[in-house]
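Colleague: Submitted below is the structure of interest, expressed as C-alpha cells.
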Amino acid sequence: MVATLVQNHISIEATPLLDVRALSLGFGASKTNLLEGVRYSVEAGETLCIVGESGCGKSVSSLAIMGLLRHDVAHIREADIRFRGEPYDLHDTAALRRHRGADIAMIFQEPMTSLNPAFRVGDQIAEAVRAHRNVTEAEANDRAVNMLRRVGIPAPEARVNEYPHQMSGGMRQRVMIAMALANDPALLIADEPTTALDVTIQSQILDLIRTLQAETGMGTIMITHDLGVVAEIADKVAVMYAGTIVEAGPAEAIFNDPQHPYTIGLMSSMPKLTGPRERLTTVPGTVPTIETMPDGCRFSTRCPFAQHVCKETPPERSFGAGHTALCHFAPLNERLERA
Amino acid sequence: MPNAILTAMNLTRHFKVGGSLFTRPKTLRAVEDVSLTVQKGETLAIVGESGCGKSTLARMLMRLIAPTSGQMTFEGRQIDQAEGRALTELRRDMQFIFQDPFSSLNPRMTVGRLVGEPLETHAPQLSGKDRRAKVGELLAQVGLRPEHGERYPHEFSGGQRQRIGIARALASGPKLIIGDEPVSALDVSVQAQVINLLADLRDRLGLTLVVIAHDLAVIRHMSDRVAVMYLGKVVEEGPTDEIFATPRHPYTMALLSAIPEAEYGRTRAQIPLTGEMPSPIDPPAGCRFHTRCPFAREACKQDVPALRDTGIAPGHRAACHFFEEIAAEGAMPLPTGGTGRSEAAKARFALYAEAIAGQKTRPRAQP
Amino acid sequence: MLSFILRRILIAIPTVILISIFVFALQKLLPGDPVLAMAGEERDPATIEFLREKYRLNDPIPVQYFTWVGNALTGDLGISLRTNQPVTELMAEKLPVTLQLATMAMIFALVIGIPAGILSAVKKGTVTDYVANVVALSGLSIPNFWLGIMLILLVSVKWQLLPASGYVPFDEDPVRSIQVMIMPAFVLGTALAATLMRHTRSAMLTVLTSDYVRTARAKGLSERRVILKHAFRNALTPIVTLSALLFGELIAGAVLTEQIFTVPGFGKLVVDAVFNRDYAVVQGIVLVTAVGFIVMNLLADVAYVLLNPRLRS
Amino acid sequence: QDLRIALQSDADVLDPDQSRTFVGRIVYASLCDKLVDITPDLEIIPQLATEWEWSEDGTSVTFTLREDVTFHDGTPFNAEAVARNIERSQTLEESRRKSELSSVTGTEVLGEYEIRFDLASADATLLAQLADRSGMMMSPDAFDEAGADFGLDPVCSGPFEFDERIAQDRIVLTKFDDYWNAEEINFDSVTFLPIPDTTVRLANLQSGDIDILERLAATDLGQAESDGGINVESAVSLGYQGLTFNVDNGERGDNPWGNDARLRRALSLAVGRDIINQVVFEGAFAPGNQPFPPNSPWYDDDHPIPERDVEAARALLEEAGYADGITLEVQVPNTTVPLQLMQVVQSMASEAGINIEITSKEFATLLQDQSAGDFTASQIGWSGRVDPDGNIHQFMTTEGGINDSGYSNEEVDRLLDAARTTNDQAERQEFYNQARDILNEDAPIVYLYHQTWIWALDDDIQGFVPYPDGMIRLEGVTLEES
Amino acid sequence: MAQVATPSTIDAESANDPVLDRRPENRVWKKFRSHRSAMLGGILVTFFVGIAILAPVLPIPDPTATDWGAVRQAPSAAHLFGTDEIGRDVLSRMIWGAQASLLAGVVSVAIAVLVGVPLGIAAGYFGGWTDAVISRCTEALLAAPFLILAIALAAFLGPSLTNAMIAIGISATPLFVRLTRGQVLSVAAEDYVDSARAIGLPTRKILSRYILPNILPPILVQATLTIATAIIAEASLSFLGLGQQPPAPSWGSMLNTAKNFLNQAPWMALYPGIAIFLVVLGFNLLGDGLRDALDPREQ
Ligand SMILES: Nc1ncnc2c1ncn2[C@@H]1O[C@H](COP(=O)(O)OP(=O)(O)OP(=O)(O)O)[C@@H](O)[C@H]1O
Ligand SMILES: Nc1ncnc2c1ncn2[C@@H]1O[C@H](COP(=O)(O)OP(=O)(O)OP(=O)(O)O)[C@@H](O)[C@H]1O
Ligand SMILES: [Mg+2]
Ligand SMILES: [Mg+2]
C-alpha cells in the first residue's frame, strides 16, 4: 500500500498536492476579511511550515481547508483551491467529509483535549479507518494496533484498550498522529502539534513525523510559531501576518535571506542559544484587530519603515526559487536608505 | 551569606491525589528536598520539564501554598510559617507574576482597579486621587497608557495583559519578584517585548528576580544563575554561562540538545532520552533520572546523588554520581555552524534594528 | 467500589438523622392536633384522651423520637392512625406505584428532553432552537394540575382514548397498567423534560465546541455520528447527575399529579397523611423518600464514575 | 356484574366502632346491616330487627330480630350477637360509639331472637343511632379474634362481604350469597374508588370508568345533565353549613362579635342566602337559617329564612355602635367551595359595612384553632344526623361536646335536654321551637345553607333511591348494559 | 521605590487606540440591546411589571367587585377576558394579580439567592467542617418533600403572601447553595484568585471582588428559571391556604380556582395561564441575555 502511494505521488509530481491559490474569509458581520488572499502550495513529500504570531489566522486557514469552520459564522468570500490538480470546493460539505481523514488528515495542538475522553484510543483510531474504508471491525482494530506500533508506542496491543487519560501528553499526541495517518492520507496538516509538549518529547514527535513522511511520501503542512521547529523540519515556509501570507519561500531563503520587515522582526525577537546576549529587537505594538485593520499593507501599523504608499496593496515581489514577499520596499537594503 | 535575600532549605511539598472514588489517595511528591539561595539583585532561573515541580516550588516560595516541610527565610526572617500580618507584609516585599496572562486577571475588574488593589492593601494611607496617579505611573512604567486603566483585561492582547500582571506585581514596591513562566504563553514577538521589559525593570528598580521557564533560550537570555529541576529535585545549578557551556548533569545535557535552534542548518546531535518522565507519585529509587538516563549504571538505581560542586565555576553543582566520567567522555554534543545569513540579510536586520531604535528611513530613489 | 459506596453511605447517615429530627420537629411545629383530626366529627374527649395515650402522644418529643428511632431500626415504622395499617405495609403497597409513575415520567422526560436539547444545541440560533426553547419553557410554566385536568377532559372524556384515572398493578395487567399511567407520567414528565432539555442543551453546547469533537469531524465521520456518539456521550455525564437531583422534584411533582389522577402512590399517601396528621405515615414516607433521594444520588455518582473512564481506574 | 362507585375521599378504618368518616358510612351501607334503617323520609324502619317496643316510661326497648341472618363468616346472627356488639361498642377502648350509646345501661337477651335494651333515662335519639354505625352488627367471633384490628378485615352481615382494600385506591366487596335479602341485590361485586377531584370524578363517569359518583359539584350539574348518558339524582342533606362565632370560648371570645349578638344578626341580615345558592351552587342547594333544612319536619316555620336586608343590617350595626363599619376575621378551610362561599359573603357583607377578612387554613389547623377557641368566626358545618338532637344538642348546650362557640344558656340547655328524653314527636318539636326562639336572637351560629347530595349515575343504572343521609343503598339497584 | 520616568526603550502603545465605548455600563447595555431575544424578554417583563405597578390607575373594574348577574361569563365587550366564579372581571384580576405573582416569583427567588449564595460561598471556599455542615443540611432540606416543608413553614409563620414567599424562598435555597458551592469550587481554582492572594488581599475582599462576580452568571440563569417555579409554587401554596389571601388575586390562585371550571369557563384558566407563561418566558430570555451581556468575554 505504501508503495502504491509513493508511486502515485511520483506520477502526479508535476502538479502540487494542495494548491491554495486564493483564500479569503471573514467572520460574522465583519466586512473586513480575516484571511485575505491567502496562498500557498505544498507538494507531495514536502513540508510546508506556516509561521506567524498567535491569532494571525494560521489555524483558521487550515480549518477552512478541512471544512471544519462553522458555516453560520465563517463566510468564505473567495476560494480557489486545487487538490491534486482538481478543483476543491469548500462549499461541498459531502465531498469535504470524504476527503477529511482520508486524503487530508489533521492533528491538533492540544493532545490533552483532542481525544475523546470517553472512548478507548484503539476504538477512536479504528473508527477513523471504518469511516472511509469498508473493513470489518477486527481489521480496523488490527490497523489501529499497527498504527500505534508505527508511531512508536510500546506494547500497542495493550495500549489500544486504554483511555486517553491513561496516557501522557506525548503518547496522546502520538495517538493523534496514528489516527490522522490511519488512512494513509496524501496530506497531513499539523496544527502546532508540539506546542503543548516538552522539548524532549517535541523532538521525538518531530522525528516521528519526518520518518513517516519519508515512508509514505505525504505532503505536510505544519503550523507553528516556533522558529526553531521550522528551522529543523521545513522545506518551505510561509510567513503569515494578520491573515495574509507576507512572505513565502524555501526554508533556507526565509531564514537566511528574509525580505519582509515582519519576518525580520520575528527573527530578531528570538532569544539565541549562542552568541552574545543582547537586548532583543522586537516588533513593537500589537496586531490590529479586525475592526482596525489598515488598508493596503496590513503590517503598516507596526512597520518601522511604513510610508504613505503602504496604504496601497503591496506588490508581490519575487526573489527567485519560489521566494516571494509582499512589501513595497523589499528588498529593504536596496529600496530604503537612512533619512 | 550576607547578601542572600531569599533562602530555602530542604523544601518539600507533597500532595494527596487520586483518592478517586475507588482508591485511597496517594502521595504525590511534587517537590522533594530542594534548597536554594537567591542573592540580592540577581536573576535566578529555574528550568525543567513540565510537571517537574517548578510551579509548586514557586508557589511555595511565595507562600501561596505551605511547604510540607523545610524552612524559608526572607531577608533573614523566617517565613515558612508566616500568617496574618507577617504574611501580608511579606507580600508587599515579594510579588508574583503568573504564567497565564489570560486566566490570572479577574475578568470582571478594570485594569485600574486590578493595579490599584495592591496599593489599597499595602498603602491604605493613599488617597483615591493619589492612588489613581500612582496607577497611571505604574501603567506607564510597563509601557501602557494611564487611560488603559478604564478598560477590562479581555480588551488587551496577551502581551499587554502580561504587562498588567507585571504592573500589579510592581505596585506594592516589592524587592523580589517571582515569575512563574511569565513568557511561556506568549508568542515570540510578544515574548521579546516582555523579556525586555523585565530586564529594564530589574536594572532600573534593582529588583531581584526568580524566573521559571522551560525555554532554555529565554533562560539564557534573562538569568544570571540557573537551577535545573527534574522530577521534584534540583539536579544541577550554577551560573548561566557555565550551565550552557559545560552542563554536567545528563538531564541538562539532554535538555540542551533537544532544543531546536532557530537557525537554518544549525543542528546538534541529540542525546536521546528514552521513555516518559516517571510519575511523581511513584518516583524511581536512587537517582530519579536513572530510568531515562543514557549513562545510567547500577549504582544509580540505589544511591540518591547529592548536589556536588563541579569545580568548573563557583556555585556550579550537579547531582550525578558520575558527571566527571560522563564529561570525560565528551558527551555534550556541540551544535553545527549553520548556513548563516547573507550579507544583504545582515544589512536588513541592522536596518530594522536601527529603525526600531528610532532611526528614520526613507525610500531610495529607484534606479 | 465497595469502599466508595460504604463511604458515601457513611456520609449519608448524618443527613438521614437530620431529616428524621426535622420530621419530628415538624410534629411540634405543625398545628392541627392529630388526635383531633382522628377523633371524628364528634370529637369525644374520652376518645381523644385514649388515642393520645395509645399513640404515646403525651410523651415528650425526645422520648417519642427515640422510641420511633428504636422501632425504625428494627424495621417497625408504627401504624397508620387513620387506617390502622402498619406503615411499612402501606409503603410497600405504594412504592411500586410511585416507582412505576416516576420511571415512566423519567422515560418521558428523557425521551422528550434529551433529543430536544440536542437538537436545539446543534441548531443553536435557528428557528428550531427557539421553538424547542419556547416549548420547553411552556412545559415548565404550565402547572401540573392544569395540564392534568385538560388531558383528562380531552383524552379521556372527549376522545375516550385512555382511562381518566386510577391504577392497575403492573403484574396484574401490564398493558392496561401502562395505559392508565401514560397521562400522569406525561404530566409529571413535562416539567422535567423542560429542565432536562435546557441542561442537555447547555451541556451539548459546551461539548460541541470541544477539541475532541473537532477531532471527530476531522476524521471525516458523519455529522450524525459526531453528535450522537462523540458529543452526546460526553454531555451525558452532567445529565446523569442532574437526573438524580431531579428525582427529588419528581417526588414533589408526584404529590400533585397523583392527586389529580388518583394514582394511589407515595404522593397521595403523603398528602392524605399530612392533611390527616397521620404522623407515623408522614415520618415513614419522609424517611423513605430521603433515603431514596440519597440512594439516587449515590447511583448517580456511581454512574458518573462509570461514564467517566478517568475515574474508573 | 361489578358496580364501580367513585367516592370523594378514601374511607378510614373499616370498623363501625372506630370509624368516623362519611365515606366510610357509604361503604358500610353495602357491607354491614343495622338493627334498623331509615326511609328517605327519615322514618325508622326494620332491618335486622323486625319490630321493637318501648316500655311505658321509655327506659327500655325490646327488639325482635330477623331469624334468617348469618354473618359473612357463617356465624349466626341472634340476640346474643347483638348483646356482644353493644358491649363492644361501649367497652372497646378505641370505640367512638360510646357517647352515642351512653344512655344504654345494659342489654338482656330474652330469647334467641329477642333482646331488651335498658336505658338510664328515656332517649329519643336511640333508634336513630341504631340506624347508623352504633346499630351495625359485626360478627362477634370475628371481632373477638381481631380485636382492634377488626377493620383490616371486617365481617358483618350486609349484602356484600369484604374482599380487598388498597388504601387510597379501592375497596372491593363481593356479593354475600347467604344474604337474607339476596334477591334484591343485583351485583356480583361493588368497588369503591376514592377520586377527590370533582372534575376528575365526573370525567371518569363520562369516560365510562365508573358507574356512580357521589357528591357531584353543583357547578358541574349543568354539564352532567346535558350529557345524555348520565342521570342525576339528589337529596337535600341532613347537615348544614354556616359561620360559628366564638361567643365565649377562651379569651378570644371576648370581642365585639362574641359579645354582641346584634352584630351577628346584622351579618345574618346582610347576606342573601338565595344569592349564595345561585352564585356558588347553581341554585341546587337549599338556603338555610336553622340546623335543619326547610323541608325537614323539625324546621321551625316561625323563623323563616330572612330576606337580605342591608338597611336593617346597617341599622343593627349602628345600634351596636359600629355605624362606621366593623371588621370580622373569618377562618375558612382552604378548599374551593368554602373560599368561594366566603368571598361571596364577604362581598355582600361589605355593602352593610362589615369588612370580612378571610384567613384560609388547612382543615386540620382550622379544626384545632376552633376547638381551642383561637378564632373569631369559623366557616364550618355539620354533616347531619337522622335525629334532630344530633344537629343541635352538642353544639348549643353548655357541656356540649362540640360547643366550639362556647355558647351557654341555661334555658336552652334545659329545653334541649328535655327534647332528648321524650318520645313524643310533637312535644319534642315544641322544645326545639322554644330553643330556636332564643337561639335566633343569640345567633352563636349563623346558618347559611344546606348541602344537597348529588349523585351522578350512568343512565344504565336503574332503581337508585336518593336518601337525605347521603348513603348509597344498593337494594333494588340494577345495571342494564345498553 | 525608585521612580524613573518612562524609559524610551519600553515600547509605548500606539496612541490611537480604538475602543468604541469605554464605559462598561454602556457596553453591557449595548450588547444587551443587540441581543434580540433578551430585548423581547425585557419587553415582556417590563410590560408585566408595568401593569402590576399601574394597576391602580388603569381604567379597569375593581378586581374584587362581584356581580351576581354575571357569574362565569364568557369574554365579551363588557368583560374582555370574561368573569370568574363569583362574577369578578378576569382581566382586572389578572392585572392586579400580576403584583402578587411577580412578587412571589421575585421575592422568593431573592430570598433563596440571598440565603443560598452566601452559604454556598462559605461551603465552597472554606471547605472542611463548614462545608460538611452546610452540605448535610442542604441535602436534608433537598430530601424533605416540598409540601411538608411548606405546610410546616406556613403553619409556623401564619398564612399570608409574604410568608408564602418566605416558604418558597427557603425551599428553593438548597438548590442555590449547591449551585454556588460548585461554582465557587471551580472559580476558586482560577489563577486570578491566587493572584488576589498573592497581593495579600484579605479573604473578605477576595470573596466579594473575585469569587462573587465570577460565579454570578449561572446563578442568574438558575434564578430566572426558579422564578417560574416560584410563581407556580405560589399557586400550589394558595391551594394550601398559604399564599395570597382571598379575595385579593394572584395568577396562581386564579388558576387554582379555575381548574374546577375548566369545562364550564375555560377562559378563567386561559388568561392567567398565558400570563404565567409569558412572564416565565420573559424572565428566561432576559436571563440568557443578561448572562451574555455581563460576560466581558462574550461577543
Ligand atoms: N468563530 C470565530 N469567530 C470569530 N472570530 C474567530 C473565530 N475563530 C477564530 N477567530 C479569530 O480568527 C483569528 C485567527 O485565529 P487562529 O486560530 O487562526 O489563529 P492562529 O494563527 O492559529 O493563532 P494561534 O497561534 O494562537 O493558534 C483570531 O483573531 C480569532 O479571534
Ligand atoms: N494542587 C495540586 N494537587 C495535586 N497535585 C498537584 C497540585 N499541584 C501540582 N501538582 C502536581 O505536582 C507536580 C508538579 O507540578 P507543577 O505544577 O509544580 O509542575 P511544573 O513544573 O510547574 O509544570 P508546568 O511546566 O507544566 O507548569 C505535577 O505532577 C502536578 O500534577
Ligand atoms: Mg492556532
Ligand atoms: Mg507550572
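Protein chains in written order, with our numbering: chain A, 18 to 356; chain B, 16 to 382; chain C, -5 to 307; chain D, 28 to 509; chain E, 2 to 300. Positions of the beta carbon are idealized from the N, C-alpha and C atoms, including for glycine.
Looking at C-beta atoms only, is the number of pairs between the stretch 108 to 123 of chain B and the stretch 183 to 197 of chain E that lie closer than 8 angstroms three or more?
Modeller: Flag = yes, the stretch 108 to 123 of chain B and the stretch 183 to 197 of chain E touch.
Colleague: From the DSSP output, read off the bridge partner residues of Glu103 of chain A.
Modeller: As a working mapping, residue 103 of chain A is identified with position 86 in the first sequence. According to DSSP, which records beta bridges pairwise, Glu103 of chain A is partnered with A:Phe100.
Colleague: With DSSP run on the structure shown, which of helix, strand or coil describes Phe346 of chain A?
Modeller: Walking along the first sequence from the start, residue 346 of chain A turns up at place 329. Reduced to three states, the DSSP call for Phe346 of chain A is coil.
Colleague: Out of curiosity, what's the CA-to-CA distance linking Leu154 of chain E and Ala168 of chain E?
Modeller: For the purposes of this step, residue 154 of chain E is taken as the residue at position 153 of the fifth sequence. For the purposes of this step, residue 168 of chain E is taken as the residue at position 167 of the fifth sequence. Between the C-alpha atoms of Leu154 of chain E and Ala168 of chain E there is a straight-line separation of about 6 angstroms.
Colleague: How many Å lie between Arg23 of chain E and Ile216 of chain E at the Cα?
Modeller: To locate residue 23 of chain E, count along the fifth sequence from 1; it is residue 22. To locate residue 216 of chain E, count along the fifth sequence from 1; it is residue 215. Interpretation of Arg23 of chain E is limited by its pLDDT of 47, a score under 50 that renders its predicted location unreliable; the figure taken from the coordinates is listed afterwards. Rounded to the nearest angstrom, the two C-alpha atoms are 24 angstroms apart.
Colleague: Could you tell me which residues DSSP puts in a beta bridge with Asp168 of chain D?
Modeller: Along the fourth sequence, one-based indexing puts residue 168 of chain D at 141. Asp168 of chain D is not bridged to any residue.
Colleague: Does Ser150 of chain C get closer than 7 angstroms to chain D when you measure Cβ to Cβ?
Modeller: Within the third sequence, numbered from 1, the residue matching residue 150 of chain C stands at position 156. So yes, Ser150 of chain C belongs to the interface.
Colleague: Closest to Leu343 of chain D by CA distance: which of D:Glu127, D:Ala297, D:Asp401, D:Pro321 is it?
Modeller: Numbered from its first residue, the fourth sequence carries residue 343 of chain D at position 316. When only C-alpha atoms are compared, the closest one is D:Ala297.
Colleague: Among A:Asp274, A:Ala199, A:Phe136, A:Asn273, which has the Cα closest to the Cα of Leu229 of chain A?
Modeller: Position 212 of the first sequence holds residue 229 of chain A. When only C-alpha atoms are compared, the closest one is A:Ala199.
Colleague: Report the rounded CA-to-CA distance for Leu102 of chain B versus Arg28 of chain B, giving the unit in angstroms.
Modeller: The count along the second sequence starts at 1 and reaches residue 102 of chain B at position 87. The count along the second sequence starts at 1 and reaches residue 28 of chain B at position 13. Their backbone Cα atoms lie some 19 angstroms apart in a straight line.
Colleague: Starting from Gln175 of chain B, follow the beta strand (DSSP E) in both directions and report where the run begins and ends.
Modeller: Within the second sequence, residue 175 of chain B is the residue found at index 160, counting from 1. Looking at the DSSP string, Gln175 of chain B is not in any beta strand (DSSP E); the run it does join, the alpha helix (DSSP H), is 173 to 185.
Colleague: Mark Ala78 of chain E as exposed unless 16 or more other C-beta atoms lie within 10 angstroms of its C-beta, in which case mark it buried.
Modeller: As a working note, residue 78 of chain E is residue 77 in the fifth sequence. Ala78 of chain E sits exposed, since fewer than 16 C-beta atoms from the chains shown fall within 10 Å of its C-beta.
Colleague: So if I measure from each beta-carbon to every heavy atom of ligand 2 and keep distances below 6 angstroms, which residues remain?
Modeller: B:Phe30, B:Val32, B:Leu43, B:Ala45, B:Gly63, B:Ser65, B:Gly66, B:Cys67, B:Gly68, B:Lys69, B:Ser70, B:Thr71, B:His229, B:Pro295
Colleague: With 8 angstroms as the C-beta to C-beta threshold (strictly closer), list the residues of the stretch 362 to 373 of chain D near chain E in chain order.
Modeller: Thr363, Leu366, Gln367, Met369, Gln370, Val371, Gln373
Colleague: Since I believe Ile200 of chain E is in contact with Arg217 of chain B (beta carbons under 8 angstroms), could you give me their beta-carbon distance rounded to a whole number of angstroms?
Modeller: Walking along the second sequence from the start, residue 217 of chain B turns up at place 202. Walking along the fifth sequence from the start, residue 200 of chain E turns up at place 199. Not quite, the Cβ-Cβ distance comes to about 20 angstroms (not below 8 angstroms), so this is no contact.
Colleague: Going by C-alpha to C-alpha distance, which of E:Pro160, E:Ala53, E:Ala173 sits closest to Asn361 of chain D?
Modeller: If you number the fourth sequence from 1, residue 361 of chain D lands on position 334. Measuring from the Cα of Asn361 of chain D, the nearest candidate turns out to be E:Pro160.
Colleague: I want to know whether the stretch 163 to 177 of chain B touches the stretch 204 to 216 of chain B - three or more CB-CB distances under 8 angstroms.
Modeller: yes
Colleague: Any Cβ of chain E within less than 7 angstroms of the Cβ of Val306 of chain D?
Modeller: In the fourth sequence, counting from the first residue as 1, residue 306 of chain D sits at position 279. Output row for Val306 of chain D: interface = yes.
Colleague: When the cut-off is 7 angstroms and only beta carbons count, does Ser79 of chain A lie next to chain C?
Modeller: Within the first sequence, the letter at position 62 stands for residue 79 of chain A. False, the Cβ-Cβ gap to chain C never drops below 7 angstroms.
Colleague: List the residues of chain E that Ile510 of chain D touches, going by C-beta distances under 9 angstroms, in chain order.
Modeller: Outside the modelled stretch of chain D, which goes from 28 to 509, sits residue 510 of chain D, for which no answer is possible.
Colleague: Could you check where the alpha helix (DSSP H) with Pro378 of chain B kicks off and where it finishes?
Modeller: In the second sequence, residue 378 of chain B corresponds to position 363, counting from 1. From DSSP, Pro378 of chain B is part of no alpha helix (DSSP H) but of the beta strand (DSSP E) over 376 to 378.
Colleague: Please list, in chain order, the chain C residues whose beta carbon lies closer than 8 angstroms to that of Glu127 of chain A.
Modeller: Working through the first sequence from its first residue, we reach residue 127 of chain A at position 110. By Cβ distance, chain C contributes Asp205.
Colleague: Below 6 angstroms, is the gap between the Cβ of Arg76 of chain A and the nearest heavy atom of ligand 3?
Modeller: Taking the first residue of the first sequence as position 1, residue 76 of chain A is located at position 59. This sequence places Ser at residue 76 of chain A; Arg is not what is there. Yes, since a heavy atom of ligand 3 falls inside the 6 angstroms radius drawn around the Cβ of Ser76 of chain A.
Colleague: Against chain B, with Cβ distances strictly below 7 angstroms, would Ile277 of chain E count as a contact?
Modeller: Translated into the one-based positions of the fifth sequence, residue 277 of chain E becomes position 276. Chain B places no beta carbon closer than 7 angstroms to that of Ile277 of chain E, leaving this residue out of the contacts.
Colleague: Residues of chain E with CB closer than 7 angstroms to the CB of Phe139 of chain C, please, in chain order.
Modeller: Here residue 139 of chain C corresponds to residue number 145 of the third sequence, with the count starting at 1. What Phe139 of chain C touches in chain E: Lys260.
Colleague: Rounded to a whole number of angstroms, what is the C-alpha to C-alpha distance between Asp324 of chain B and Ser286 of chain A?
Modeller: Along the second sequence, read from residue 1 onward, the residue named residue 324 of chain B stands at position 309. Along the first sequence, read from residue 1 onward, the residue named residue 286 of chain A stands at position 269. Each residue's Cα considered, the two are about 35 angstroms apart.
Colleague: Quick one: which residues of the stretch 84 to 108 of chain A get their C-beta closer than 9 angstroms to a C-beta of chain C? List them in chain order.
Modeller: Gly84, Leu85, Asp89
Colleague: In chain order, what residues of the stretch 220 to 244 of chain C put their CB closer than 7 angstroms to some CB of chain A?
Modeller: His224, Arg227, Asn228
Colleague: Compare the beta carbon distance of Pro311 of chain A and Thr318 of chain A with 7 angstroms and say whether it is the shorter of the two.
Modeller: Counting from one through the first sequence, the residue named residue 311 of chain A turns up at place 294. Counting from one through the first sequence, the residue named residue 318 of chain A turns up at place 301. In contact: Pro311 of chain A and Thr318 of chain A (Cβ atoms closer than 7 angstroms).
Colleague: Taking the C-alpha atoms as reference points, what is the distance between Leu312 of chain C and Gly183 of chain C?
Modeller: Because chain C here runs from -5 to 307, residue 312 of chain C falls outside it and cannot be looked at.
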